[in-house]
Amino acid sequence: MNIFRKNDPASRVAEERLKLILIQDRLLLSPQDFESLKKEILKVLSKYFDIEEASIKINLERTKEKSVFEAIVPVVSVKKGK
Amino acid sequence: MGRTIVVTAGKGGVGKTTVTANVGAMLAKLGKSTVVMDMDIGLRNLDVVMGLENRVVYNIMDVIENHCKIQQALVRDKHLENLFLLPASQIHNKEDVDIDKVVDIVNSLEGNFDYVLLDSPAGIEKGFESSVSPAKEALIVVTPDVSSVRDADRVVGIIESKGIFSISLVINRYDLNLVNKNKMLNFESIIDILGIDAIGVIPEDKSVIETTNRGEILVNYMPGSPAAKEFSLIARRIEGETIPIKIEEPRNFFGQIFKRGMQ
Chain R
5 MNIFRKNDPA SRVAEERLKL ILIQDRLLLS PQDFESLKKE ILKVLSKYFD IEEASIKINL
65 ERTKEKSVFE AIVPVVSVKK GK
Chain C
20 MGRTIVVTAG KGGVGKTTVT ANVGAMLAKL GKSTVVMDMD IGLRNLDVVM GLENRVVYNI
80 MDVIENHCKI QQALVRDKHL ENLFLLPASQ IHNKEDVDID KVVDIVNSLE GNFDYVLLDS
140 PAGIEKGFES SVSPAKEALI VVTPDVSSVR DADRVVGIIE SKGIFSISLV INRYDLNLVN
200 KNKMLNFESI IDILGIDAIG VIPEDKSVIE TTNRGEILVN YMPGSPAAKE FSLIARRIEG
260 ETIPIKIEEP RNFFGQIFKR GMQ
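If you're matching them up, the sequences are chains R and C in order.
In terms of our numbering, the first sequence is residues 5 to 86.
In terms of our numbering, the second sequence is residues 20 to 282.
What follows is the structure in structure tokens.
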């Protein structure tokens, strides 16, 4: 979860809050389920990569044709032996 | 065949009725015969916003229950001879409405008019369904705040599940001063977050309250006001013109006074 700083502009805070709210609404996920989804994705990916857990971004974007689930997970390195 | 467009929103109080009345009036001014239908059964408002409350004789429930013909229930606008109101009933509940009968009424109106605009009730309960079912196109009214955008997203999902895929946003009460100070969501991010294009961005305009209090439609009474200008563009975009969205800088204090003097 992002902690919004007081000096962030209100419009930016609104945008970030909405994005999170809409992912949960669109997926029909509770905040708890959403967190566990995130954890499980991380768990699977960590088997193969060293990842930057703090900067993971999850988004569910709706375009005219379809909804796209998107997870941006910065990879530090590929784990050896895989 | 006419086009049927539902004007809806997730959250109440964002301006559905104002948008319905003004877009309807502008389409009529463009020469299109238009019916605006109040689907908010039990809480009718469109008659008041248009200043037609004293002329209402019959309403949509009278038509549904065969107490009168559709033509008898239509109320002609005070100023525009090709604009008509089909009022809601004030004494019924939304549950009393037979959706199939509403669809029949709309189909019959489509045969005689260029546009049928449905002013939907707030929320996503029964009344919402009966106002969405007859429509093939939807305008979703949204104000630039978190709760309105969130509720709009729910409505988009439900409308799409009903088979309406021609959906546009009307972003209402847009305050460029606040947007410029980064205090309000800008319209580009609302479009981006919802994944739906906007057909118009209506500036916050105090003339709306004044004209509504007088029982006049803004585009009739103060056609030069900033919101009226955008309603005019929305009607032209509905008609198929390609006019890019451009937000006008609000006029200064003296500009406002001068403009009022011209009315």
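For each residue, glycine too, the CB sits at the ideal point set by N, CA and C.
Note that the structure is predicted; figures quoted are calculated from it, not measured.
Inset, instruction - Out of R:N11, R:R16, R:K10, point me to the one whose CA is closest to C:F206's CA. - result: By alpha-carbon distance to C:F206, the top candidate from R:N11, R:R16, R:K10 is R:R16.
Legend entry - Exposure of C:I262, with buried meaning 16 or more beta-carbon neighbours within 10 Å: Classification for C:I262: exposed.
Legend entry - Boundaries (first-last residue) of the alpha helix (DSSP H) holding C:M8: For chain C, the structure presents residues 20 to 282; residue 8 of chain C sits outside this window and is missing.
Legend entry - Cross-strand partners of R:V82 (DSSP beta bridge): Bridge partners of R:V82: R:F53.
Legend entry - Cut-off 8 Å between Cβ atoms - residues of its own chain near C:I143, not counting five sequence neighbours on either side: These residues qualify, in order along the chain: G29, R173, V174, I177.
Inset, instruction - Name the residue from C:E249, C:E268, C:F132 whose alpha carbon lies nearest to the alpha carbon of C:V42. - result: Ranking C:E249, C:E268, C:F132 by Cα distance to C:V42 puts C:E249 first.
Inset, instruction - Name the two residues that bound the continuous beta strand (DSSP E) containing R:L32. - result: Following the DSSP letters along the chain, one finds R:L32 in no beta strand (DSSP E), marked with neither H nor E.
Legend entry - Against chain C: residues of the stretch 30-52 of chain R by CB proximity under 8 Å: Close to chain C, meaning a Cβ-Cβ distance shorter than 8 Å, are the following residues of the stretch 30-52 of chain R: R30.
Legend entry - Euclidean distance between Cα positions of R:V80 and C:A154: Rounded to whole angstroms, R:V80 to C:A154 spans 51 Å at the Cα level.
Legend entry - Start-to-end residues for the beta strand (DSSP E) that takes in C:S187: Its beta strand (DSSP E) spans residues 185-193.
Inset, instruction - Kindly say whether C:G31, judged by its beta-carbon, lies nearer than 7 Å to any beta-carbon of chain R. - result: For C:G31, the answer is no, since every Cβ of chain R falls outside 7 Å of its Cβ.
Legend entry - Where C:E235 falls, given that 16 or more other Cβ within 10 Å makes a residue buried: A buried status is given to C:E235, since no fewer than 16 other beta-carbon atoms sit within 10 Å of its beta-carbon.
Legend entry - Complete alpha helix (DSSP H) runs within the stretch 227-266 of chain C (minimum length 4 residues, chain order): With a minimum length of 4 residues, the continuous alpha helix (DSSP H) runs that stay inside the stretch 227-266 of chain C are 237-240, 245-257.
Legend entry - Simplified DSSP assignment, three categories, for C:N205: Under the three-state reduction of DSSP output, C:N205 falls in the coil class, being neither helix nor strand.
Legend entry - Contact list for C:S185 against chain R, beta-carbon separation under 8 Å: Within chain R, no residue comes near C:S185; the closest Cβ sits about 10 Å away, beyond 8 Å.
Inset, instruction - To the nearest angstrom, report how far apart C:V122 and R:R66 are at their CA atoms. - result: C:V122 and R:R66 have their C-alpha atoms spaced approximately 30 Å apart.
Inset, instruction - Output, in chain order, the set of chain C residues within a Cβ distance shorter than 8 Å of R:A14. - result: Neighbours of R:A14 in chain C, taken as residues at a C-beta separation under 8 Å, are given in chain order as N201, K202, M203.
Legend entry - Span separating the alpha-carbon of C:I228 from that of C:D216: Approximately 27 Å between the Cα atoms of the pair.
Inset, instruction - Kindly indicate which residue of C:A157, C:L62, C:K88, C:K51 has the alpha-carbon position closest to the one of C:G182. - result: That would be C:A157, whose Cα lies nearest to the Cα of C:G182.
Inset, instruction - Would you check if the stretch 92-101 of chain C and the stretch 66-75 of chain C touch, i.e. whether three or more CB-CB distances between them fall below 8 Å? - result: The stretch 66-75 of chain C makes contact with the stretch 92-101 of chain C: 3 or more CB pairs, one atom from each, lie closer than 8 Å.
Inset, instruction - Can you grab the Cα-Cα spacing for the pair C:G21 / R:L46, in whole Å? - result: Cα-Cα distance, rounded: 53 Å.
Inset, instruction - For R:A18, decide whether its Cβ has a neighbour in chain C, counting only Cβ atoms nearer than 7 Å. - result: Yes, its Cβ sits closer than 7 Å to a Cβ of chain C.
Inset, instruction - Just the chain C side, please: which residues come within less than 9 Å of R:K23 by C-beta, in chain order? - result: For a Cβ distance threshold of 9 Å, residue set I212 of chain C lies close to R:K23, ordered along the chain.
Legend entry - Of the listed residues C:R192, C:L197, C:I190, C:M56, nearest to C:S149 (C-alpha basis): Nearest of C:R192, C:L197, C:I190, C:M56 to C:S149, Cα basis: C:M56.
Legend entry - Neighbour list for C:R169 in chain R, Cβ cutoff strictly below 8 Å: Listed by position along chain R, the residues whose Cβ is nearer than 8 Å to that of C:R169 are L22, I25, L26, D29.
Inset, instruction - Starting from C:S149, follow the alpha helix (DSSP H) in both directions and report where the run begins and ends. - result: Counting along the chain, the alpha helix (DSSP H) containing C:S149 begins and ends at 145-151.
Legend entry - First through last residue of the beta strand (DSSP E) which encompasses C:T23: Counting along the chain, the beta strand (DSSP E) containing C:T23 begins and ends at 22-27.
Legend entry - Closest Cα partner of C:T39 within the set C:K200, C:T231, C:K113, C:L197: When C-alpha distances from C:T39 are compared across C:K200, C:T231, C:K113, C:L197, the shortest belongs to C:T231.
Inset, instruction - State buried or exposed for C:Y193, treating a residue as buried only when at least 16 other CB atoms are found within 10 Å of its CB. - result: That one is buried.
Legend entry - Simplified DSSP state of R:I60, which is helix, strand or coil: When DSSP states are grouped into helix, strand and coil, R:I60 belongs to the coil group.
Inset, instruction - Please classify C:V238: is it buried, with 16 or more other beta-carbons within 10 angstroms of its beta-carbon, or exposed? - result: Classification for C:V238: buried.
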